[in-house]
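Asks: This is the structure I have questions about; it appears just below.
2 protein chains.
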Amino acid sequence: MSQRKSGHVTLLDIARASGFSVSTVSIVLSEAPLSQNVAVTTRTHIRAIAKQLGYHPDAYARSLRRRTTQTIGILAFDLSDPFCVPIMRGIQEGVHDGGYLPLLMDAQTERKLFDSYLHMILERRADGLIVIASWVFEETNLLGDIRKNNVPIVIVGRDLVDRGISSILVDNEAGGALATRHLADLGHRHIAVIRGPQEMCDSEPRWAGIRKTAAQRGIPIDERLTFTLPGIADPASGFEGGVRLAQQMLASRRPFTAVLAFDDLTALGVVRGLSDAGLRVPHDCSVMGFDDVLPAAVATPAMTTIRQPLREMGLEAAQRVLHAIRNNGKAEKPRLHQTDPELVVRQSTASPPSTAVKPGRRSRT
Amino acid sequence: MSQRKSGHVTLLDIARASGFSVSTVSIVLSEAPLSQNVAVTTRTHIRAIAKQLGYHPDAYARSLRRRTTQTIGILAFDLSDPFCVPIMRGIQEGVHDGGYLPLLMDAQTERKLFDSYLHMILERRADGLIVIASWVFEETNLLGDIRKNNVPIVIVGRDLVDRGISSILVDNEAGGALATRHLADLGHRHIAVIRGPQEMCDSEPRWAGIRKTAAQRGIPIDERLTFTLPGIADPASGFEGGVRLAQQMLASRRPFTAVLAFDDLTALGVVRGLSDAGLRVPHDCSVMGFDDVLPAAVATPAMTTIRQPLREMGLEAAQRVLHAIRNNGKAEKPRLHQTDPELVVRQSTASPPSTAVKPGRRSRT
DNA sequence: TATATTGATTCAAACGTTTGAATCGGATTG
DNA sequence: CAATCCGATTCAAACGTTTGAATCAATATA
C-alpha cells in the first residue's frame, strides 16, 4: 500500500505515514547531529514506523548525496585458489574494522572478467582497491585508469612497485632458504627442485634462496633434477604438474632423497607421483611444499611447508589502503612490504633413508 | 583540472570539454536508442573525450535514476569452505550471463556478520539474493525482512521451503545410497559410519539412504560403529572430528573394513587417524567421503567420494532468481530442487583385506 | 511562400538522500 | 510591548544520471 513503484520503502513513505516531513525523518533515521533537536516522542514514533515498514536506506541515493561510498573493492584473480582465502579474510577484517564495506569480486582467472570487474569497481566509486594476484596473473593496463581516477590501490602477491603500486609479498628468498635449511638439517644431500613458472614473480627469488643456501651448506644442485612448472593460469594445474614432474624425476634415474616443490599443490602432486611409483613419503623420500594452504594440512602425511602469513598480508593491505584514503590529498609513494615466512614441520619430511634409495626402482610390488 | 571535487570525472566535465550538453553526452555514452539520431562526428568526438578523461559512469547515480541496480547479492556463510567455491562459480556464471553483477559477501561463519551483510544487500537494492549455506548455518529472522522488501531469494545447501524460500540441495538420500552400494559392491560387510551434525539438514536423509541400502544388501549396521560429528560452525573442524572418531573406532575394538564419512574433510581426518595408528588406506581399510572438494582430489590416496554437482547447483540458483526477477509481479511459490549426486571412484576404496583385519591392533611397527 | 518533416540537440524533471538555511510558534528577556 | 532567542520542524538545493518532451534550424512538400 505505502509501497512505491520501486518496491522499496523510502523516506517519503515514512514521512507520509508519520505525518512529518522527509527532512525530519531523514535526520532521525540517519542519526544526524541535528537529531538531538528533534523531540523525543517524534524520534521514537518515526523509528517505530520505519521498523514496522521494514525501511532500509537506499545506499545509492545516500552515497550519491554524501559523495562517499564507504566501500573498498577486493578483486581476486582466482578465488578458487585456496591461497586467496586467508588473504581475503585478512582484508575483510581490516576493511570492516575501518568501517568500510568490502566489495568482493572473483575474476576466475579470466583476464576479460578481471578488466570488466575493474570497470565495475570504478563505476561503483570504491574508495579504494585491493588486488589479490594469485598464481599466474596477467598485467592489465586498466590499472592506469584506476590511478587516473585517483583510487588508492594495493596489490598482494605480486611486486608492482615499479608500476607505482604498493605491493605486499612474502619474502620468497627467505622462504626458499628456510626450506632448504630444513632439508639440509635433516641430512639430505640430493634434493630435487621444482621451480615456479617464469611468469610468476615469486619463482626467481625463491629459487635464489634455495641456491644460495644449498651452496652455503655445500649441497650440490643437480640441474638434471631441477624442473620448472609451466605457466598455466589454472592453479589446479600445479597438482598435475607435480605428478608429471615426479615421474620425470624417477625416469631420470638420478638419485634424490627429497623434493622441494614450488607450492603445496605441486608438492601434493609429487606425493601422488611418487606414491604411484611405489615410494612412500617420507620414508623413502621427503617432500616439501610452500604456502601452507588447507589441502596441505589435511593430507596424509601432513605436508611440511613454508607458511606465508596470508591473513596478516591481507590485513596489512587493508590498512595500507585505509591509510591512503585518509590522507587523500597527498599520494604517498608506493612501497614494497615483505613479510616473513615460517617453517611448518609436519609429516612429509624426515631424514633420508639410511640406505640411499635409488628412485626409479620400485621399492615394493 | 576538469576534475570535480569528487575526484571522479562526470558527464558535466565531458559536456564542458566537448561543448555539448549533458543530455547529449549521456545519450551517446550510455548508448541509448536516441543515440542513433546523434551526428556521427558528435558521437566520436564525445567518446574520444570520455576516454581521454577516463570517464566511468557513476553506478550510484545511474541506478538511482534507472531504478534498477542489475545486481544480485551472493551471501556465503563461509567462503573458506572449499564446498562453497564451485557453487559460487556456478552462480557467477549464471548471474553474469543474465547481465547482472554478482555482489559477493562472506559472513565468515559469524551470525552477526551475516545479518550485517544482509542489511547491506538490502541497502544496496540488490535485485535478488542467493544464500550459500555451507556447514552449520544458523537461522536468521532477517530473511523475513528480505521478503518484506520483495527481493527474490534462493538458498543453496539447505531446505527452507517451508519458510517460503526456494531451495537447492543435493539428493542426500540418493547420495548415501550410492556410497553404501559402492562399498557393498566391493564386498564390505563391516562399515563404520560417521553421521553429520544434527544441526545440518543433510545429515538425516544421508543417513537414511545409508541405512536403507545397507538393509537391502543385508549389511548390518553396528551402532557401536556409528558416530556423530559435533555441530561446530567451523568446517575445518570436520577434519579434527574425523581424526578423533577414527581413534574411537579403533579403541572400540569392533571389526570394520570401511569407513563412510559424512564429508570429505571428515574422511581425510579418518585417513589421518587410521594412518597414525599404522593402518593403510585402502589396503587395510577403505574410506569414503562426500561432496568432492579440492582437498579430496589432491590427497594421496585420492579420495573416493560422492560428488555434489556444486557448479550446476549454483547455476540453477542463479537461473531461479533471474527467473523470479523477470516475472516480478507474481511471486511464484517456493520449490525444492534436488540434484543428482554421482559416485567418483578413486583410490581410497578397495575390496576388504582377505584376512579380516582387526583394527585396534597395529598392523606394523 | 507557408507548412510539414526531419535531424540534431537541449530542457527539465525525476530517482532517494542529506544538510545548510529558513520558518514559526512560543517563551524569555530588556 | 518589542526584541530576542530557542527548540522543533521544514524548505530547497544538490549529488550524477536518464529520458520524455521541447526546441530549433534546415530541408522537403504542398
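The listed protein sequences derive, respectively, from chains E and B. Every number in this note's numbering is 72 more than the matching position in the first sequence, counting from 1. Every number in this note's numbering is 72 more than the matching position in the second sequence, counting from 1. Cβ atoms here follow ideal geometry from the backbone N, Cα and C, with glycine treated the same way.
Grab me the residues of B/Glu388's own chain with a C-beta within less than 7 Å of its C-beta, minus the 5 sequence neighbours each way, in chain order.
Replies: Translated into positions along the second sequence, residue 388 of chain B becomes position 316. So the qualifying residues of the chain are Ile240 and His409.
Asks: Which residues, taken in chain order from the region 360 to 382 of chain B, show a beta carbon closer than 7 Å to some beta carbon of chain E?
Replies: Taking 7 Å as the Cβ-Cβ cut-off against chain E, the residues of the region 360 to 382 of chain B that qualify are Leu366, Pro367, Val370, Ala371 and Thr372.
Asks: Would you mind working out which of E/Gly200, E/Ser107, E/Ser309 and E/Ala374 sits nearest E/Val167, comparing C-alpha positions?
Replies: Along the first sequence, read from residue 1 onward, the residue named residue 167 of chain E stands at position 95. Closest by alpha carbon: E/Gly200.
Asks: List, from N- to C-terminal side, the alpha helix (DSSP H) runs of 4 residues or more that fit wholly inside the region 155 to 191 of chain E.
Replies: Listed in chain order, they are 156 to 169.
Asks: What three-state label does DSSP hand B/Ala323 in the structure shown?
Replies: For this step, residue 323 of chain B is matched to residue 251 along the second sequence. Note: B/Ala323 maps to helix in three-state DSSP.
Asks: Does any C-beta atom of chain E lie closer than 8 Å to the C-beta of B/Ser435?
Replies: Here residue 435 of chain B is taken as the residue at index 363 of the second sequence, counted from 1. In this predicted model, B/Ser435 has a pLDDT of only 41, less than 50, meaning its place in the structure is not dependable; the value taken from the coordinates is given anyway. Not an interface residue.
Asks: Exposed or buried, B/Glu103, counting other C-beta atoms within 10 Å across all chains shown (16 or more means buried)?
Replies: The residue given as residue 103 of chain B occupies position 31 in the second sequence. Exposed, because fewer than 16 other Cβ atoms sit within 10 Å of the Cβ of B/Glu103.
Asks: Would you say E/Val203 lies against chain B (beta-carbon separation less than 8 Å)?
Replies: Your numbering for residue 203 of chain E matches position 131 in the first sequence. By this cut-off, E/Val203 is not an interface position.
Asks: Run down chain E in chain order and give the residues with a C-beta less than 8 Å from the C-beta of B/Gln180.
Replies: The sequence position of residue 180 of chain B within the second sequence is 108, counting from 1. In chain order: Arg161 and Gln164.
Asks: Hey, how far is the Cα of E/Phe92 from the Cα of E/Ile121?
Replies: Against the first sequence, residue 92 of chain E aligns to sequence position 20. Against the first sequence, residue 121 of chain E aligns to sequence position 49. Rounded to the nearest angstrom, the two C-alpha atoms are 11 Å apart.
Asks: With a threshold of 8 Å between beta-carbons, can E/Ser74 be considered close to chain B, or not?
Replies: Along the first sequence, one-based indexing puts residue 74 of chain E at 2. With a pLDDT of 33 at E/Ser74, under the threshold of 50, the predicted position of this residue should be treated as unreliable, though the coordinate-derived value follows. It does not: the Cβ of E/Ser74 has no partner Cβ on chain B nearer than 8 Å.
Asks: Less than 8 Å between CB atoms is the rule here; does E/Ala131 satisfy it with respect to chain B?
Replies: The count along the first sequence starts at 1 and reaches residue 131 of chain E at position 59. Yes, because at least one Cβ of chain B sits closer than 8 Å to the Cβ of E/Ala131.
Asks: Would you please verify whether the beta carbon of E/His128 is less than 8 Å from any beta carbon of chain B?
Replies: For the purposes of this step, residue 128 of chain E is taken as residue 56 along the first sequence, with counting starting at 1. Yes, E/His128 counts as interfacial toward chain B.
Asks: Taking Cβ positions only, does E/Phe328 come closer than 8 Å to chain B?
Replies: Within the first sequence, numbered from 1, the residue matching residue 328 of chain E stands at position 256. No, E/Phe328 does not count as interfacial toward chain B.
Asks: Between B/Asp336, B/Arg197, B/Ala251 and B/Ile202, which has its C-alpha nearest E/Ser135's C-alpha?
Replies: Along the first sequence, read from residue 1 onward, the residue named residue 135 of chain E stands at position 63. The option with the nearest alpha carbon to E/Ser135 is B/Arg197.
Asks: List the endpoints of the continuous beta strand (DSSP E) containing E/Val416.
Replies: As a working mapping, residue 416 of chain E is identified with position 344 in the first sequence. Where E/Val416 is concerned, the enclosing beta strand (DSSP E) stretches over Glu414 to Val416.
Asks: Determine the contact status of E/Val365 and E/Val343, defining contact as a CB-CB distance below 8 Å.
Replies: Residue numbering aside, residue 365 of chain E sits at position 293 when the first sequence is read from its first letter. Residue numbering aside, residue 343 of chain E sits at position 271 when the first sequence is read from its first letter. No, the pair does not count as a contact, with Cβ atoms beyond the cut-off.
Asks: Between the C-alpha atoms of E/Val81 and B/Arg283, what's the straight-line distance to the nearest angstrom?
Replies: Counted from its first residue, the first sequence places residue 81 of chain E at position 9. Counted from its first residue, the second sequence places residue 283 of chain B at position 211. Each residue's Cα considered, the two are about 50 Å apart.
Asks: Taking the continuous alpha helix (DSSP H) assigned at E/Ala330, which residues delimit it?
Replies: Counting from 1 along the first sequence, the entry for residue 330 of chain E is found at position 258. Premise fails: E/Ala330 lies in the beta strand (DSSP E), Ala330 to Leu332, not in any alpha helix (DSSP H).
Asks: Which value, in whole angstroms, describes the spacing of the CA atoms of E/Ala179 and E/Ile204?
Replies: As a position in the first sequence, residue 179 of chain E is number 107, starting the count at 1. As a position in the first sequence, residue 204 of chain E is number 132, starting the count at 1. Whole-angstrom Cα-Cα distance: 10 Å.
Asks: Taking just the CA atoms, how far does E/Gly361 sit from B/His254?
Replies: What you label residue 254 of chain B is simply residue 182 of the second sequence in a count that begins at 1. What you label residue 361 of chain E is simply residue 289 of the first sequence in a count that begins at 1. Between B/His254 and E/Gly361, the C-alpha separation is close to 34 Å.
Asks: Mind checking if B/Pro431 is an interface residue toward chain E, Cβ cutoff 8 Å exclusive?
Replies: Here residue 431 of chain B refers to the residue found at position 359 of the second sequence. Because B/Pro431 carries a pLDDT of 47, less than 50, the predicted location of this residue cannot be relied on, and the following value inherits that uncertainty. Chain E, which has no Cβ nearer than 8 Å to the Cβ of B/Pro431, makes this no.
Asks: What does E/His191 touch in chain B if you count any residue whose Cβ is under 7 Å from its own?
Replies: Here residue 191 of chain E refers to the residue found at position 119 when the first sequence is read from its first residue. Simply His128.
Asks: Any idea if B/Asn399 is buried or exposed, counting beta-carbon neighbours within 10 angstroms, 16 or more meaning buried?
Replies: Position 327 of the second sequence holds residue 399 of chain B. Exposed, by the Cβ-count rule.
Asks: Report, in whole angstroms, the separation of the C-beta atoms of E/Val100 and E/Arg119, which I expect to be a contact under 8 Å.
Replies: Position 28 of the first sequence, counting from 1, holds the residue named residue 100 of chain E. Position 47 of the first sequence, counting from 1, holds the residue named residue 119 of chain E. Indeed, because the Cβ distance is near 7 Å, the residues count as touching under 8 Å.
Asks: For B/Gly432, which of helix, strand or coil comes out of DSSP?
Replies: Sequence index remark: in the second sequence, residue 432 of chain B carries index 360 (1-based). Only weak support exists for where B/Gly432 lies, its pLDDT of 41 falling under 50; the value from the coordinates is given anyway. B/Gly432 falls in the coil class under three-state DSSP.
Asks: Cutting at 6 Å between CB atoms, please list the residues of its own chain near B/Val226, excluding the five before and the five after it.
Replies: Position 154 of the second sequence, counted from the first residue, corresponds to residue 226 of chain B. Around B/Val226: Ile202, Ser238, Ala389, Arg392 and Val393.
Asks: When we look at the beta-carbon of E/Arg139 and count the other beta-carbons within 10 Å, is it buried (16 or more) or exposed?
Replies: Taking the first sequence and counting its residues from 1, the one referred to as residue 139 of chain E is at position 67. Classification for E/Arg139: exposed.
Asks: Taking contact to mean at least 3 C-beta pairs separated by less than 8 Å, is the region 323 to 337 of chain E in contact with the region 288 to 301 of chain E?
Replies: Judged by Cβ distances under 8 Å, the region 323 to 337 of chain E makes contact with the region 288 to 301 of chain E, as three or more pairs qualify.
Asks: Which value, in whole angstroms, describes the spacing of the CA atoms of E/Glu414 and B/Pro154?
Replies: The residue labelled residue 414 of chain E in the question sits at position 342 within the first sequence. The residue labelled residue 154 of chain B in the question sits at position 82 within the second sequence. Approximately 24 Å, taken between the alpha carbons.
Asks: Could you compute how far the alpha carbon of E/His260 sits from the alpha carbon of B/Arg379?
Replies: Mapped onto the first sequence, residue 260 of chain E falls at position 188. Mapped onto the second sequence, residue 379 of chain B falls at position 307. When rounded, the distance between both Cα atoms is 40 Å.
Asks: Of all Cβ atoms in chain B, is any one closer than 8 Å to the Cβ of E/Ser152?
Replies: Start at 1 with the first residue of the first sequence, and residue 152 of chain E comes out as number 80. Interface residue, yes.
Asks: Consult DSSP for B/Gly236 and reduce its assignment to one of helix, strand or coil.
Replies: Taking the second sequence and counting its residues from 1, one reaches residue 236 of chain B at position 164. In this structure, B/Gly236 counts as coil in the three-state DSSP scheme.
Asks: Going residue by residue through the region 202 to 287 of chain B, where are the continuous alpha helix (DSSP H) segments of at least 4 residues, counting only ones entirely within it?
Replies: Runs of the alpha helix (DSSP H) inside the region 202 to 287 of chain B: 214 to 220 and 244 to 258.
Asks: Determine the DSSP secondary structure at E/Ile128, reduced to helix, strand or coil.
Replies: As a first step, residue 128 of chain E must be located in the first sequence, where it is residue number 56. Per the sequence shown, residue 128 of chain E should be read as His rather than Ile. Coil.
Asks: Would you grab the beta carbon distance between E/Gly303 and E/Thr338 for me? Rounded to a whole angstrom, and I think it's under 8 Å.
Replies: Locating residue 303 of chain E in the first sequence gives position 231, counting from the first residue. Locating residue 338 of chain E in the first sequence gives position 266, counting from the first residue. Rounded, the Cβ-Cβ distance is 13 Å, inconsistent with contact.
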